[in-house]
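To keep things clear, I will list the structure first and then write my remarks on it.
There are 2 protein chains.
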Amino acid sequence: MVTMSDVARVADVSASTVSHVINKTRKVLPDTEKAVLAAIEATGYWGDGIARSLRKGTTETIGLAMSAISNPYFGDVVHAIEQSVSKAGYSLLLADTHDDPAREKRAVKDLLSHRVDAMIVAPSSDPEAILDTLSKRSIPTVLIDRVPDEIRTGMDAIGVINDEPTAKLVDHLAQLGHTRIATITSRTGLTTTTERLHGYWTGIDRNGLARDPDLVRVGDDGTGEAVELAVAELLALSAPPTAIVMGNNQVTIATMAALRNRRMSVPADIALVAFDDFPWADLFHPRLTTMSQPVEELGAQAVKMLLERLDNRDLPSRHIRLEPTFMHRESCGCNEG
Amino acid sequence: MVTMSDVARVADVSASTVSHVINKTRKVLPDTEKAVLAAIEATGYWGDGIARSLRKGTTETIGLAMSAISNPYFGDVVHAIEQSVSKAGYSLLLADTHDDPAREKRAVKDLLSHRVDAMIVAPSSDPEAILDTLSKRSIPTVLIDRVPDEIRTGMDAIGVINDEPTAKLVDHLAQLGHTRIATITSRTGLTTTTERLHGYWTGIDRNGLARDPDLVRVGDDGTGEAVELAVAELLALSAPPTAIVMGNNQVTIATMAALRNRRMSVPADIALVAFDDFPWADLFHPRLTTMSQPVEELGAQAVKMLLERLDNRDLPSRHIRLEPTFMHRESCGCNEG
DNA sequence: TTCTCAATCGTATGCGCAATCGAAAGCGCA
DNA sequence: TGCGCTTTCGATTGCGCATACGATTGAGAA
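Residue numbers (my numbering), protein chains in the order written: chain E, 1 to 337; chain H, 1001 to 1337.
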């Protein structure tokens, strides 16, 4: 590796001058500067971020701990985050939590020992431990997607509104005459799951429908087997549902696949609405009616908050809730464009 | 931050003993070890990866430079990579190239100054410069997805076979009686694009069809506008195509959207086959006939090669080509399962 | 007692850099 | 010539760690 002193030797100056030229941190005679620049070019000097980080105490790196890769919904979120992060001159260090508390712990520890300057975390179902260490070490953190009820000081959070929009989904089905409306939720314990389920019940209640626990199934993410089972059980009910509210992206795909396997036609045999949109929701058969999350904005705002906190650690902690958009298409049984 | 010497002070030993206990790098009296462990617990010592990296000259980090996030096709590849990488005890540092040579250069430089131990790169259309610096600094590298004709020594590469499978796609359409078969390609300059286009011509030729340059359009990734234009031009031809071979995932989605906007029915009005599969290709209307890439294996094998090279730098460089699988569904005009 | 040797641990160094401190040189002015 | 001041830059230090090397101890042999 070519180091600063190599460059210094070639340029016939001291290493400290090289450093100052690179960082523009003090005035240098034009000739000297030129010589240094030439020496850098000649030696192919690249700089050592590790050494710089050790010295400066900052890594210019932001850690991202979420099921970023295993969960397609997060794709666009990560995309937006990466955009903003790299525009701000930071790098992104990725650690996949697989939405599992144990792996989440490892992921955060990993990011910590890599000394990330700040962190974006989509908390798992049991994030207490990591939130604790994070706040103890007072690492600037923003929680994304899943927003806990109480947030530790110095932690920001951003997510979407889950309850009312889910209730609206139920409203829509109820207005179409459905009385047996089921829901297949995402992973138990996530705040999004809880909130959407709450919204589901709100919808059931305010439309004067019967509260039937049999109509609520957990779809768990990942394999899709839980959804397969959920659909089977739902259809085997003595009074099976005529409509389903799906809790997230993965549940939606698995549910549609399960229904297709049973040769059930949507929306003729059963109506479907989903929380979470797809860019290609238009291309599905039938075209999916969804509650679409502003995923890009979610990511962009998360980074914005983080940068602001990096700039001023004493900022009061903030919660932001973004509004989803109703995408009215065909799977609900309507025929809108 | 709590450092080693803090721990040492609490445990009443020297810092080097703490280090040795942590790394199990020399024998230590059981009592001493216990004291150190207790002190670590008590102080909440976490270790500083940065300092360790500087000292050891290795970061336990693997850099990934590809349009990982902006291109959904790569989702599963990244997923597989992350799995293997973290299982091997490494972290993943992400840098999105957006498939643009300039940004690719910045991304690689970024990874380099973060001192990644090795790199996985999906080369852009003009990767000469970065391949050069990579091989000059002799960083273990594996090229993924796009496999250049000539590879520098010490660089491995892995991708799928593109030409013959594309020709097979054309074969299939020709056997169904199509004589006007168009193709919409991905970004110009990528080796995958070139190879698939080559396969397209092979298919045209060996089925005795007329070579018509008008039937070949570039779909460029990203916005989907190029595809929109391509479809418009194709349909405006005096003898428009009756079938289209789509060059990749993004082109496929954009093409289907463009066709849908024109109220054209697939496969009745026009047949469609695609290179690249989707996990939910079954849910599209109509169900897509595709050439499916073994994306997970692509990622897993890439990491495997990298780890092997990390283990032994003198390995001869290897190319691996994986075989895609024909997924026969309905958009081609057949009615298989 | 003195010496040897093994077992256990501490001291010192340097990884590559940023930043502090102070040295050297040039200038004007008395 | 001598003083103060500015401009330009070099020597040095320490970030937190791993590790080469040396110091200390006690047991056993001579």
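We put the beta carbon where it would ideally sit given N, CA and C, even for glycine.
Can you tell me whether DSSP reads residue i as helix, strand or coil?
| i | result |
| --- | --- |
| S1005 of chain H | helix |
| R957 of chain H | Limits of chain H in this structure are 1001 at one end and 1337 at the other, which puts residue 957 of chain H out of reach. |
| A1239 of chain H | coil |
| I1022 of chain H | helix |
| M264 of chain E | coil |
| I1139 of chain H | coil |
| T191 of chain E | helix |
| I1050 of chain H | helix |
| I1130 of chain H | helix |
| T43 of chain E | helix |
| G337 of chain E | At G337 of chain E, the pLDDT of 48 sits below 50, so the modelled position is not reliable and the matter cannot be decided from this model. |
| V218 of chain E | strand |
| A1182 of chain H | strand |
| R1329 of chain H | coil |
| T1017 of chain H | helix |
Does residue i pass the burial test, meaning 16 or more other C-beta atoms within 10 Å, or should it be called exposed?
| i | result |
| --- | --- |
| P241 of chain E | buried |
| M1 of chain E | exposed |
| A11 of chain E | buried |
| D1110 of chain H | buried |
| R287 of chain E | buried |
| E82 of chain E | buried |
| N248 of chain E | buried |
| S1086 of chain H | buried |
| S138 of chain E | exposed |
| A1080 of chain H | buried |
| L1143 of chain H | buried |
| H319 of chain E | exposed |
| A122 of chain E | buried |
| Q301 of chain E | buried |
| S265 of chain E | exposed |
| P324 of chain E | buried |
| A1038 of chain H | exposed |
| G337 of chain E | Because G337 of chain E sits at a pLDDT of 48, beneath the cut-off of 50, its placement in the model cannot be relied upon, and the point is left open. |
| S292 of chain E | buried |
| Q128 of chain E | Inspection of the sequence shows that residue 128 of chain E is occupied by Glu rather than by Gln. Classification for E128 of chain E: exposed. |
| E1041 of chain H | exposed |
| R1115 of chain H | buried |
| T63 of chain E | The displayed chain sequence assigns Gly, not Thr, to residue 63 of chain E. With 16 or more other Cβ atoms within 10 Å, it is buried. |
| R1262 of chain H | exposed |
| R180 of chain E | buried |
Please go through the same chain and pick out, in chain order, the residues whose beta-carbon is closer than 6 Å to the beta-carbon of residue i, but skip the five residues on each side of it.
| i | result |
| --- | --- |
| E1195 of chain H | N1162, D1163 |
| V1273 of chain H | L1169, V1245, T1289, C1332 |
| T1058 of chain H | D1117 |
Could you tell me which residues DSSP puts in a beta bridge with residue i?
| i | result |
| --- | --- |
| D96 of chain E | E:M66 |
| A1274 of chain H | H:M1246, H:T1290 |
| D1156 of chain H | H:V1142 |
| I1120 of chain H | H:L1064, H:V1142 |
| S1091 of chain H | H:T1061 |
| F1074 of chain H | None, per the DSSP bridge assignment. |
So, at 8 Å on beta carbons, what are the nonlocal neighbours of residue i in its own chain, with the 5 sequence-adjacent residues on each side left out?
| i | result |
| --- | --- |
| N1071 of chain H | D1099, D1221, N1249, Q1250 |
| A157 of chain E | V142, L143, I144, V147, P148, I151, S317, R318, H319, I320 |
Is residue i close to the ligand COA? I mean its beta-carbon at under 7 Å from any heavy atom of the ligand.
| i | result |
| --- | --- |
| K1168 of chain H | In terms of ligand content, the structure shown is empty, and the ligand COA therefore cannot be addressed. |
Return the chain-ordered list of same chain residues with a C-beta closer than 7 Å to the C-beta of residue i, the five sequence neighbours on each side being excluded.
| i | result |
| --- | --- |
| L234 of chain E | A182, R217, P240, P241 |
| G1189 of chain H | S1125, D1126 |
| R152 of chain E | L131, S135 |
| I184 of chain E | R217, G219, V227, A230, I244, M246, G247, V251, T255 |
Practice item. Using a Cβ-Cβ cut-off of less than 9 Å, give me the residues of the segment 1104-1127 of chain H that come near chain E, in sequence order. Key: R1106, A1107, K1109, D1110, L1111, L1112, S1113, H1114, R1115
Check your understanding: When you check each C-beta in the segment 279-297 of chain E against every C-beta of chain H, which residues fall closer than 8 Å?
Key -> P279, W280, D282, L283, F284, H285, P286
Review point. Going along the segment 26-48 of chain E in order, which residues come within less than 9 Å of chain H, judged by CB to CB distance?
Key: G44, W46, G47, D48
Review point. What are the residues of the segment 144-173 of chain E that lie near chain H, defined by any Cβ-Cβ distance shorter than 9 Å?
Key: none
**Study point:** Chain-ordered residues of the segment 1231-1250 of chain H with a beta carbon less than 7 Å from chain E
**Key:** none
Check your understanding: Using a beta-carbon distance cut-off of less than 8 Å, what residues from the segment 1048-1060 of chain H approach chain E?
Key -> D1048, G1049, I1050, A1051, S1053, L1054, T1059
Practice item. Identify each residue in the segment 1251-1271 of chain H for which the Cβ-Cβ distance to at least one residue of chain E is less than 9 Å, and report them in chain order. Key: I1253, M1256, A1257, R1260
Review point. What residues from the segment 84-95 of chain E come within 8 Å of chain H, judged by C-beta to C-beta, listed N to C?
Key: S86, S91, L92, L93, L94, A95
Practice item. With 9 Å as the limit, tell me which residues of the segment 300-321 of chain E have their beta carbon closer than that to any beta carbon of chain H; keep them in chain order. Key: none
Review point. Of the residues that make up the segment 1200-1229 of chain H, which ones have a beta carbon closer than 8 Å to any beta carbon in chain E?
Key: none
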